[in-house]
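Chemist: I'd like to ask some things about the structure below.
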Amino acid sequence: MERLSSLLAHRRSIWFWAMAGVLLNALCIGTPPFTDDFLQWAILTHHLQPAPHAGTAFGLFDLVDGPPALVQSLKASGRLLWCTSDSLHLAFWRPLSEMTHWLDYRLWPHSPALMRVHSLLWYGGLILLVGRLYRLIDDGQRPARSSLATLIFAASSLHFFVIMWISARNQLIAACFMVMALMAYHLWRTGKGTRYGWLAGLALSLGLLSAEAAIATMAYLLAYAVVLDQRERWRDRLIALLPFVLIVLAWRLGHVALGFGSTGSGSYVEPGMSARFAYAVAHRLPTLMLAELVGIGAGITQTMTLAAESVYAAAAATVIVLLAGLMAYFRLWAKPQVRFYALGALLALVPVCAINPADRLLLNSEIGMSALLAALFHQVAVNRHRYKGWPAFGIKSVVALLVMIHLVVFPLTTLISPVVTDRTVSSSSISEPLSIPDEAARPNVHAILINPPAPFLLFYYPLVRSYFGKANPASMQALANGGNQDLQLTVLDEHTIKVASSKSFVQPISRDVLTQPFKVGDVTHMGEVLVTVTEVSDKGEPLGVTFRFPTPLSDPQWQFYVWREPGYARLQLPEPGQSIQMPSLDLRKVVAQRLKGKSIS
Numbered sequence: 000m001e002r003l004s005s006l007l008a009h010r011r012s013i014w015f016w017a018m019a020g021v022l023l024n025a026l027c028i029g030t031p032p033f034t035d036d037f038l039q040w041a042i043l044t045h046h047l048q049p050a051p052h053a054g055t056a057f058g059l060f061d062l063v064d065g066p067p068a069l070v071q072s073l074k075a076s077g078r079l080l081w082c083t084s085d086s087l088h089l090a091f092w093r094p095l096s097e098m099t100h101w102l103d104y105r106l107w108p109h110s111p112a113l114m115r116v117h118s119l120l121w122y123g124g125l126i127l128l129v130g131r132l133y134r135l136i137d138d139g140q141r142p143a144r145s146s147l148a149t150l151i152f153a154a155s156s157l158h159f160f161v162i163m164w165i166s167a168r169n170q171l172i173a174a175c176f177m178v179m180a181l182m183a184y185h186l187w188r189t190g191k192g193t194r195y196g197w198l199a200g201l202a203l204s205l206g207l208l209s210a211e212a213a214i215a216t217m218a219y220l221l222a223y224a225v226v227l228d229q230r231e232r233w234r235d236r237l238i239a240l241l242p243f244v245l246i247v248l249a250w251r252l253g254h255v256a257l258g259f260g261s262t263g264s265g266s267y268v269e270p271g272m273s274a275r276f277a278y279a280v281a282h283r284l285p286t287l288m289l290a291e292l293v294g295i296g297a298g299i300t301q302t303m304t305l306a307a308e309s310v311y312a313a314a315a316a317t318v319i320v321l322l323a324g325l326m327a328y329f330r331l332w333a334k335p336q337v338r339f340y341a342l343g344a345l346l347a348l349v350p351v352c353a354i355n356p357a358d359r360l361l362l363n364s365e366i367g368m369s370a371l372l373a374a375l376f377h378q379v380a381v382n383r384h385r386y387k388g389w390p391a392f393g394i395k396s397v398v399a400l401l402v403m404i405h406l407v408v409f410p411l412t413t414l415i416s417p418v419v420t421d422r423t424v425s426s427s428s429i430s431e432p433l434s435i436p437d438e439a440a441r442p443n444v445h446a447i448l449i450n451p452p453a454p455f456l457l458f459y460y461p462l463v464r465s466y467f468g469k470a471n472p473a474s475m476q477a478l479a480n481g482g483n484q485d486l487q488l489t490v491l492d493e494h495t496i497k498v499a500s501s502k503s504f505v506q507p508i509s510r511d512v513l514t515q516p517f518k519v520g521d522v523t524h525m526g527e528v529l530v531t532v533t534e535v536s537d538k539g540e541p542l543g544v545t546f547r548f549p550t551p552l553s554d555p556q557w558q559f560y561v562w563r564e565p566g567y568a569r570l571q572l573p574e575p576g577q578s579i580q581m582p583s584l585d586l587r588k589v590v591a592q593r594l595k596g597k598s599i600s
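Residue numbering for the sequence shown follows numbering that gives the first Met the number 0, starting at 0 and increasing by one per position.
What follows is the structure, encoded as structure tokens:
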């Protein structure tokens with residue numbers, strides 16, 4: 000134990016953990032591009048030429064940025080599903096991150112591997128900064144504990160996707176500036192000079208211009224003011240925060256004035272919508288914290304019913320309360336640094352509750368959680384002989400399990416993640432669009448995809464095909480979501496088909512049904528195809544829809560395809576008045592088979 004403590008306390012240990020963290024994730028270099036990576040490739044290689052508005056040089060993070068006419072044009076091409084909100088707007092202000100991608104395409108435009116090396120360098124820098132922050136906060140008094148916290152952070156498998164996904168680099172950059180801001184703020188508040196206050200403000204500003212995720216800086220600054228600031232008067236503590244609040248307000252005003260933000264999507268909840276946001280926090284925050292604690296994927300709740308999600312959130316909250324009790328048992332809450340990291344980690348999760356839970360959203364909170372766990376592990380290791388008896392044995396066993404998860408299971412998970420990603424991401428975001436037969440890839444053909452497994456991925460279909468040198472049809476349009484529902488397709492007449500299901504056609508990212516419900520008789524267009532809603536659920540979700548084509552269904556320009564794992568196959572429509580049933584795709588079975596390198600026939 001003494002040798003291990005000596006290793007952890009070595010002044011160069013955080014450099015070792017930084018290199019270890021980079022090497023642990025280095026296998027991501029060989030994984031294929033993913034979703035927005037193709038969008039950025041298309042823009043920076045001029046396959047797409049959007050007109051980015053003020054505040055962005057290229058529009059790399061402008062997914063849907065324009066008036067309803069733009070949404071209609073994307074529906075006509077099939078990149079957006081017919082049920083997408085006409086007011087959908089998804090555009091994010093990340094000009095500094097944009098420049099790093101521009102640099103990629105100036106230096107190595109044909110090498111996703113080197114682009115990931117670029118991201119790995121940011122990640123290595125982040126680990127070094129985090130390690131330095133831990134030592135600053137501990138004032139160099141507990142180098143072994145600070146080093147252990149750095150190791151836990153570097154070993155986390157929850158960071159893999161942020162590194163692997165080239166277009167998610169903005170989160171790494173924002174996190175680097177966030178940690179710089181926290182270090183400078185600490186030096187300022189501990190009397191090292193006013194210049195550090197200015198540097199903290201500059202770092203916060205640069206972080207916000209890298210990604211909105213840098214708003215988590217305020218979570219840690221508030222936690223610092225509450226717990227660590229040595230000023231006796233609360234007024235002095237809060238006044239010190241005022242310049243940073245003004246920076247955030249200025250950024251937010253610019254963000255809105257320039258037209259950035261998210262509207263019309265059910266996957267994003269504006270914090271200003273107090274009731275819905277409070278509901279989201281109550282359900283998502285425990286789920287996110289549990290993911291940090293034991294590694295259960297944060298996205299697990301996205302396939303649950305609301306009732307199941309509530310039960311899961313309650314169970315997760317119970318586990319978190321038990322952890323707090325565990326910390327109390329070892330008297331760790333008496334330590335101000337522990338309280339600071341705990342409060343910072345908790346508050347850093349609040350902004351990301353506006354988005355559907357995902358592991359990649361945990362990066363900023365993990366800074367506090369890693370230090371929290373390090374304090375627990377270090378306390379038990381150093382004082383292990385003081386805690387005796389069966390209750391203590393049980394509690395120490397729980398701590399040992401957490402050590403096993405974070406220092407053994409997480410690194411092993413990171414090592415196998417490239418294989419898992421290659422077999423799942425490649426199959427979903429690459430193999431699916433490439434499986435559309437070449438016979439459809441003609442400029443006078445509209446490929447009608449009856450039941451794609453994940454309709455939102457159609458946004459990237461033409462980009463993926465172009466990336467791999469394949470021609471595109473005039474459009475690739477989806478009728479329904481085949482991933483989670485049985486479908487009944489009926490040919491009503493020579494121009495019209497009807498698709499019905501017991502579940503909603505809408506995916507949350509494309510429309511917020513709570514604020515924009517459908518009604519029977521609602522009409523929209525999918526290019527020249529007239530779409531009419533004939534049946535809705537009590538929540539306003541479409542369950543039955545007719546599609547009226549301008550020319551007969553037998554016209555060669557309309558080619559109908561159905562998803563049959565592992566790809567699309569041509570569908571012969573039934574005669575007018577007849578129907579066919581399409582069973583839902585068992586996504587769990589599909590994923591399991593793809594992980595084995597097999598397909599379902």
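Cβ coordinates follow ideal geometry from the N, Cα and C atoms, glycine included.
In this text, all values refer to a predicted model and were calculated from it rather than measured experimentally.
In terms of alpha-carbon separation, which member of P551, I579, Y219, K74 lies closest to V530?
Modeler: Of the candidates P551, I579, Y219, K74, the one whose C-alpha sits nearest the C-alpha of V530 is K74.
Chemist: Just how far apart, CA to CA, sit L488 and P432?
Modeler: Between L488 and P432, the C-alpha separation is close to 22 Å.
Chemist: Would W81 be called buried (16 or more neighbouring beta carbons within 10 Å of its own) or exposed?
Modeler: W81 is buried by the Cβ-count criterion.
Chemist: Taking its Cβ as the centre, do 16 or more other Cβ atoms sit within 10 Å of R141, making it buried, or is it exposed?
Modeler: Result: buried.
Chemist: Who are the Cβ neighbours of M179 in its own chain at under 6 Å, not counting the five residues just before and after it?
Modeler: Result list for M179: A202, in chain order.
Chemist: Comparing the CB of T44 with every heavy atom of the ligand NAD, is any distance shorter than 7 Å?
Modeler: In terms of ligand content, the structure shown is empty, and the ligand NAD therefore cannot be addressed.
Chemist: Just to confirm, is the Cβ distance from L171 to Y133 under 8 Å?
Modeler: Result no, Cβ atoms of L171 and Y133 do not sit closer than 8 Å.
Chemist: Since I believe A210 is in contact with R93 (beta carbons under 8 Å), could you give me their beta-carbon distance rounded to a whole number of angstroms?
Modeler: R93 to A210, Cβ: 5 Å. Contact.
Chemist: For R385, does the count of other Cβ atoms within 10 angstroms reach 16, so buried, or fall short, so exposed?
Modeler: Exposed.
Chemist: My understanding is that V519 touches V505, with C-beta atoms under 8 Å, so please give their C-beta distance in whole angstroms.
Modeler: That belief does not hold up - the Cβ atoms of V519 and V505 are roughly 15 Å apart, past 8 Å.
Chemist: Look at the alpha carbon of F517 and the alpha carbon of V498, and state the distance between them as a whole number of angstroms.
Modeler: Between F517 and V498, the C-alpha separation is close to 16 Å.
Chemist: Considering only the alpha carbon of each residue, which of V337, W389, D554, L128 lies closest to R144?
Modeler: Nearest of V337, W389, D554, L128 to R144, Cα basis: V337.
Chemist: So for W557, helix, strand or coil by DSSP?
Modeler: Note: W557 maps to strand in three-state DSSP.
Chemist: Do the CB positions of A446 and I435 come within less than 8 Å of each other?
Modeler: Yes.
Chemist: For I676, which option in S369, W101, R188 has the closest C-alpha, if you only look at C-alpha atoms?
Modeler: In this structure the chain extends from 0 to 600, so residue 676 is not present and cannot be described.
Chemist: Which ranges does the beta strand (DSSP E) cover as unbroken runs of at least 3 residues, wholly within the segment 60-99, from first to last along the chain?
Modeler: Qualifying beta strand (DSSP E) stretches, in chain order: 61-63, 88-90.
Chemist: Between F160 and V129, how many whole angstroms is the CB-CB distance? I'm expecting something under 8 Å.
Modeler: The pair is not a contact, with the Cβ atoms about 18 Å apart (cut-off 8 Å).
Chemist: With distances taken from CA atoms, which of Q580, F33, L220, L513 is nearest Y340?
Modeler: Among Q580, F33, L220, L513, the Cα nearest to that of Y340 is on L220.
Chemist: Would you list the one or two residues that DSSP bridges to H445?
Modeler: H445 is bridged to S474, W557.
Chemist: Hey, how far is the Cα of A90 from the Cα of A453?
Modeler: Roughly 22 Å between the two C-alpha positions.
Chemist: So H524 is in the beta strand (DSSP E); what residue range does that whole segment cover?
Modeler: Per DSSP, H524 belongs to the beta strand (DSSP E) from 522-525.
Chemist: Determine, using beta carbons only, whether T420 and T30 come nearer to each other than 8 Å.
Modeler: Yes, they are a contact pair.
Chemist: Which full runs of the alpha helix (DSSP H) of 4+ residues lie inside the segment 261-324, going along the chain?
Modeler: Fully enclosed alpha helix (DSSP H) runs of 4 or longer: 273-293.
Chemist: Taking the alpha carbon of F376 as the reference point, which residue from G566, N355, L401, A473 has its own alpha carbon closest?
Modeler: For the residues G566, N355, L401, A473, the minimum Cα distance to F376 belongs to L401.
Chemist: Once the 5 residues before and after F57 are set aside, which same chain residues still bring their CB inside 7 Å of it?
Modeler: Within the same chain, F57 has close Cβ partners I42, L43, P51, E97, W101.
Chemist: Going by other Cβ atoms of all chains shown within 10 Å of its Cβ, with 16 needed for buried, is Q580 buried or exposed?
Modeler: Exposed.
Chemist: Between the segment 401-418 and the segment 291-301, are three or more C-beta pairs nearer than 8 Å?
Modeler: These segments touch.
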